[in-house]
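Structure first, then comments.
There are 2 protein chains.
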Amino acid sequence: MTRVDDLHTTAAARLRAAGQRYTGAREALVVALAGAGKPLTIADVLAACPGVPQSSAYRNLAALEQAGVVRRVITDEDFARYELAEDLTEHHHHLVCSSCGRVEDVTIPGDLESSMDRTLDRLARRTGFAQVSHRLDLIGTCRDCA
Amino acid sequence: MTRVDDLHTTAAARLRAAGQRYTGAREALVVALAGAGKPLTIADVLAACPGVPQSSAYRNLAALEQAGVVRRVITDEDFARYELAEDLTEHHHHLVCSSCGRVEDVTIPGDLESSMDRTLDRLARRTGFAQVSHRLDLIGTCRDCA
DNA sequence: CTTCCTGCAAAAGTTTTGCATTAAC
DNA sequence: GTTAATGCAAAACTTTTGCAGGAAG
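The following block contains the structure:
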């Protein structure tokens, strides 16, 4: 079974667990997000999934998010972006260009990641907050805008 | 000169540098943000500044943001929040409750902060990205929702 | 007196929803 | 067959903008 089959099997299972179905439109959305290498806007998604109307894209992305297959990504743009849930991809962060708004995925060396995790764990413990996750983005200037 | 006077002097100077004026409405917005202890929504701001119409709030917050007095804060809600620019407040991060959406400011011990900064600096250097700033939020469950 | 700000109302943009129909299981 | 998904259009919501009048420097 290939990694892609695995992805679809997992997506279908999570939807089923939520009482929902893994339809063609939903599979198309997952394929688009899996191949992008960065979080996609609704416009990106619609371009990658011709024939899927906007309202279905919104509704299906919401369903996939509730099922834990997709994550809605926050940016400083005034529209949302979507990517696959973290446990379906490599752990990564985002580089956000403050000049052109471009967003790229970035993975960092394991030792940096674990140093970061240790720091965040200590931070969570000291604040008495039940930490579920963190959100870390680097905001700067991309190579094209520099 | 008190700290509050200082805040208003700085705000006025930054606006003036951008060719803009420190009017009563803008002062009211700054006072509201300075006293909140957390990033405010537009609704919060309007409640704290009676008589300021919505369009003026948006326009003035945008002007204050461009002048470097105010920062627009990104959350996973579908509306924006605003706080004073970081150099006008203590450096802090945000605790975001994934259950009720509540956002709180949090400051962390200096040693944790500098360990974090070192990690982020190394991260920026290795990615070849011109790092300007970072965005770090803790997302978890607040004391009321636990 | 020139430039910027204000306030109202209308518009623009993204996202959500009602409803009848179709598809999935 | 029963339940959920689809597609269209219309609505809801946050945010932006045009314009005429008023305030600031």
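The listed protein sequences correspond, in order, to chains A and B. Everything in the first sequence is counted per this note's numbering, starting at 66 for the first residue and increasing by one. Everything in the second sequence is counted per this note's numbering, starting at 66 for the first residue and increasing by one. For glycine and all other residues, C-beta sits at the position ideal for the given N, C-alpha and C. These numbers come from a predicted model, not from an experiment.
DSSP state of residue i, grouped into three classes?
{"i": "A:GLY116", "result": "coil"}
{"i": "A:TYR147", "result": "strand"}
{"i": "B:SER198", "result": "strand"}
{"i": "B:HIS159", "result": "strand"}
{"i": "B:VAL96", "result": "helix"}
{"i": "B:GLY166", "result": "coil"}
{"i": "A:GLY175", "result": "helix"}
{"i": "B:VAL135", "result": "strand"}
{"i": "B:GLY193", "result": "coil"}
{"i": "A:GLY205", "result": "strand"}
{"i": "B:THR75", "result": "helix"}
{"i": "B:THR184", "result": "helix"}
Whose Cβ in chain A lies nearer than 9 angstroms to the Cβ of residue i?
{"i": "B:ILE204", "result": "GLN196, VAL197, SER198, HIS199, ARG200"}
{"i": "B:VAL171", "result": "LEU188, THR192, PHE194"}
Who are the neighbours of residue i on chain A, taking C-beta pairs under 8 angstroms?
{"i": "B:ASP186", "result": "Per Cβ cutoff of 8 angstroms: no residues; B:ASP186 is ~10 angstroms from chain A at best."}
Skipping 5 residues on each side, what residues in its chain have a beta carbon closer than 6 angstroms to that of residue i?
{"i": "B:ASN125", "result": "ALA90, ARG91, LEU94"}
{"i": "B:ARG167", "result": "CYS207"}
{"i": "A:ALA113", "result": "ALA97"}
{"i": "A:ASP170", "result": "GLY102, LYS103, HIS157"}
{"i": "A:CYS165", "result": "CYS210"}
Is the distance from the Cβ of residue i to the Cβ of residue j below 8 angstroms?
{"i": "A:LEU72", "j": "A:LEU153", "result": "yes"}
{"i": "A:ARG136", "j": "A:GLU142", "result": "no"}
{"i": "A:PRO174", "j": "B:ARG191", "result": "yes"}
{"i": "B:PHE144", "j": "B:ILE204", "result": "no"}
{"i": "B:THR184", "j": "A:SER179", "result": "no"}
{"i": "A:ALA82", "j": "A:VAL134", "result": "no"}
{"i": "B:ASN127", "j": "B:GLN85", "result": "One detail in the question is off: residue 127 of chain B reads as Ala in this sequence, not Asn. For B:ALA127 and B:GLN85, no; Cβs fall outside 8 angstroms."}
{"i": "B:GLU155", "j": "B:THR172", "result": "yes"}
{"i": "A:SER163", "j": "B:VAL197", "result": "yes"}
Tell me, to the nearest whole angstrom, how far the beta carbon of residue i is from that of residue j; I am working on the premise that it is less than 8 angstroms.
{"i": "B:LEU177", "j": "A:LEU188", "result": "6 angstroms"}
For residue i, which residues of its own chain have a beta-carbon under 7 angstroms away from its beta-carbon, when the five flanking residues on both sides are left out?
{"i": "B:ASP202", "result": "HIS158, HIS159, VAL161"}
{"i": "A:VAL117", "result": "ALA90, ALA93, LEU111"}
{"i": "B:THR140", "result": "ARG146, VAL161, VAL168"}
{"i": "A:SER121", "result": "ALA90"}
Which chain B residues are close to residue i, counting only those with a beta carbon under 8 angstroms from its beta carbon?
{"i": "A:PRO174", "result": "ARG191"}
{"i": "A:THR75", "result": "In chain order: nothing, as chain B lies at least about 22 angstroms away."}
For residue i, which residues in chain B fall below 7 angstroms Cβ to Cβ?
{"i": "A:LEU177", "result": "THR184, ARG187, LEU188"}
Near residue i, what residues of its chain come up, given a Cβ to Cβ distance below 8 angstroms and the 5 sequence neighbours on each side ignored?
{"i": "A:TYR123", "result": "ILE107"}
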